[in-house]
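Report on the structure given below.
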Amino acid sequence: MIKRNTLAGDVLSDNDVKMIHQESLQLLEETGVEIMHEEALDIFEDNGAKVEGKRVYLSAELVEDALDQAPTSFTLHARNSDNDVVIGGGNSVLAPGYGSPYVTSIDESRRDSTFEDYKNFTKLASVSENIDVLGGVLVEPTDLDDKIRHVKMLYAAAKYSDKCLMGSALGAKKARESFKMASILFGEDEIIDDRPITMSLINTMSPLQYDNRMADALIEHARYNQAAVIASLIMAGSTGPMSIAGTLVLQNVEVLTGIVLAQMVNSGAPVVYGSASTIMDMKAASLAVGSPEYAKFIGATSQLARYYGLPSRAGGSITDSIMVDTQAGYEAMMMFISSINHGINFVLHSAGLLENYMTMSYEKFIIDDEILSMVTNYQAGIEVNEDTVATKVIDDVGPSGHYLQEPHTLQHMEDFREPEISNRAGYTSDNDLIPTVERANEKWKAILADFESPYLDSVIEQKLTDYIEELK
């Protein structure tokens, strides 16, 4: 978890934010949002919303009441309490890639992801000093039966890590089964509902719709007091207006609708204002997540969330590149540092992704982890005190001297970050010309070869496996 020292940058003026807010309220009241879930429609109507068929209309008062109820921050709990994280405020909590159906490495070409890949990436995320939250659909294990895929993934996340977990958002039943698995992991037979122990991603169906499965899962998360990231993935020019401002208004309408629903179900339910919105590349006919426009969406999303007093989600080390190349590096660094500098609280997709969310790369995971470490070090700022200003040692060495043998140098020589895969040694022969991607390949293989699982009580592990058997 990065505790940010730099102030969040703004891409919108105060008047811009207020205009987006006001236009959103108008659309919520006059145009409405289509909700494809009968219980959700009843919840809205019972709480004073106007409902006509599948269309829900929200007044400004209902929106403002919900925003007043939603927490500005919350703690997501891990089975190892040392790994608890606070989502909101001046923190940036990091999670790896999510949802990709394909994986790749330099040893083999792009292929369908498997449960073995899921376990491998869980181990890499577990070892990382930067990743705070894992689980969920880290990759999509296409070789598992869909009926138990979500619990098998959560079991792997629990077995190979003691960090915070993401669960399933594929309807109420799978969400509830994820809560049950997580509660067993915490040593409880009943579902824990007094604190968040899982978090899931609830996606809107743009434009202006919530499908049955997502609304179902959102209601269940609110009911059990589990955290929900409510997010839109709008493509400006395709599923949204051909302007960033217009797409932000559409996103705002969709996300606010989900926040209102969560608070109607359970006042104070933990929610995160989320966005994966970006532009559509009209030539390639695909979303462009490595674009400077996406960095603007990141900044604007953070500002809107702060305006509403909510935690935010956006960004990550993402790229449009289809391989681990220079493009992947510069786009990933731009998007991740934009996320941190703009003040995003929950950064999904922080490591591993290529091809705009479609593919997880073993080598890029390691390279991205290096990026995370660099930005974390940068965010730590500069320690200034009587010792670090070094007035005495500067005076002692004086002009034309050096500091190599000074006690101050020996005392502080390990203060600076040492890179994991970057090469600073310089050239001595062509044998030194090993590309970064090859060094990353060696690194991930070494991590997996040396991996040791954190302690998991055998009784709890047996209960987890027994529960999975019950669901088959």
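For the sequence shown, the working numbering assigns the number 831 to the initial residue and increments by one for each residue that follows. Even glycine gets a Cβ: it sits at the ideal position worked out from N, Cα and C.
On the three-state DSSP scale, how would you describe Val-1219?
-> coil
Lys-953 - containing alpha helix (DSSP H), residue span | 945-957
Span separating the alpha-carbon of Gly-1129 from that of Ser-956 | 29 angstroms
Ordered list of alpha helix (DSSP H) runs contained in the segment 1012-1089, each at least 4 residues | 1042-1053
Which one or two residues does DSSP pair with Val-916 in a beta bridge?
-> Thr-905
Residue range of the alpha helix (DSSP H) that includes Asp-846 | 844-860
Excluding the 5 residues preceding and the 5 following Met-1188 in the sequence, name in chain order all residues of the same chain whose CB lies nearer than 8 angstroms to its CB.
-> Ser-930, Pro-931 and Tyr-932
Using beta-carbon positions only, say whether Ser-1147 and Phe-1127 come within less than 7 angstroms of one another.
-> no
Residue from Gly-1067, Ser-1259 and Ala-1270 with nearest C-alpha to Ser-1320 | Not covered by the structure: residue 1320. The range shown for the chain is 831 to 1302.
Report yes if the C-beta distance between Asn-1096 and Arg-1053 is below 7 angstroms; otherwise report no.
-> yes
Taking only the alpha-carbon atoms, compute the straight-line gap between Gly-1228 and Thr-1239 and give it to the nearest angstrom.
-> 15 angstroms
Among Leu-842, Asp-876 and Asn-921, nearest to Ala-1210 - alpha-carbon criterion = Asn-921
Expressed to the nearest angstrom, what Euclidean distance is found between the alpha-carbon atoms of Asn-1207 and Arg-1247?
-> 7 angstroms
Delimiting residues of the beta strand (DSSP E) encompassing Glu-882 | 880-882
If you count every other CB in all the chains shown that lies within 10 Å of the CB of Ile-1074, and 16 or more means buried, which is it?
-> buried
Does the segment 888-898 come close enough to the segment 1076-1094 to have 3 or more Cβ pairs within less than 8 angstroms?
-> yes
Among all the DSSP beta bridges, which residues are the ones paired with Thr-1108?
-> Met-1065
Let me know if Gln-1081 comes out buried or exposed under the rule of 16 or more other beta-carbons within 10 Å of its beta-carbon.
-> buried
Is the number of C-beta pairs between the segment 942-953 and the segment 1058-1071 that are closer than 8 angstroms three or more?
-> no
Drop a sphere of 10 angstroms on the beta-carbon of Gly-862, count the other beta-carbons inside from all chains shown, and report buried for 16 or more, exposed for fewer.
-> buried
Residue of Ala-1255, Ala-908 and Leu-858 minimising C-alpha distance to Arg-885 | Leu-858
Mind checking who Tyr-1257 pairs with in its DSSP beta bridge?
-> None, per the DSSP bridge assignment.
What did DSSP end up calling Met-1190 once you bin it into helix, strand or coil?
-> strand
Could you work out which residue in Arg-1006, Gln-1241, Leu-1038 and Asp-1150 is closest to Ala-1115 when comparing CA atoms only?
-> Asp-1150
Ordered along the chain, which non-local residues of its own chain (more than five positions away) have a Cβ less than 6 angstroms from that of Asn-1186?
-> Leu-1117, Val-1119 and Asp-1150
Does DSSP classify Glu-1282 as helix, strand or coil?
-> coil
Would you identify the three-state DSSP class for Ala-925, choosing helix, strand or coil?
-> coil
With 16 other Cβ atoms within 10 Å as the buried cut-off, status of Pro-1026 = buried
Thr-1258, buried or exposed, once every other Cβ within 10 Å from all chains shown has been counted against 16 | exposed
Among Met-996, Lys-977 and Glu-1193, which has the Cα closest to the Cα of Tyr-928?
-> Met-996
Would you kindly work out how many angstroms separate the C-alpha atoms of Arg-834 and Met-1072, rounded to a whole number?
-> 33 angstroms
Can you find at least 3 beta carbon pairs, one from the segment 960-969 and one from the segment 1273-1287, that sit closer than 8 angstroms?
-> no
Tell me whether Gly-839 is buried or exposed, calling it buried when 16 or more other Cβ atoms sit within 10 Å of its Cβ.
-> exposed
Could you give the distance in angstroms between the alpha-carbon of Gln-852 and the alpha-carbon of Asp-1024?
-> 35 angstroms
Flag Tyr-1160 as yes when its Cβ comes closer than 6 angstroms to any non-hydrogen atom of the ligand COA, and as no otherwise.
-> In terms of ligand content, the structure shown is empty, and the ligand COA therefore cannot be addressed.
Do Met-1190 and Val-969 have their C-beta atoms within less than 7 angstroms of each other?
-> yes
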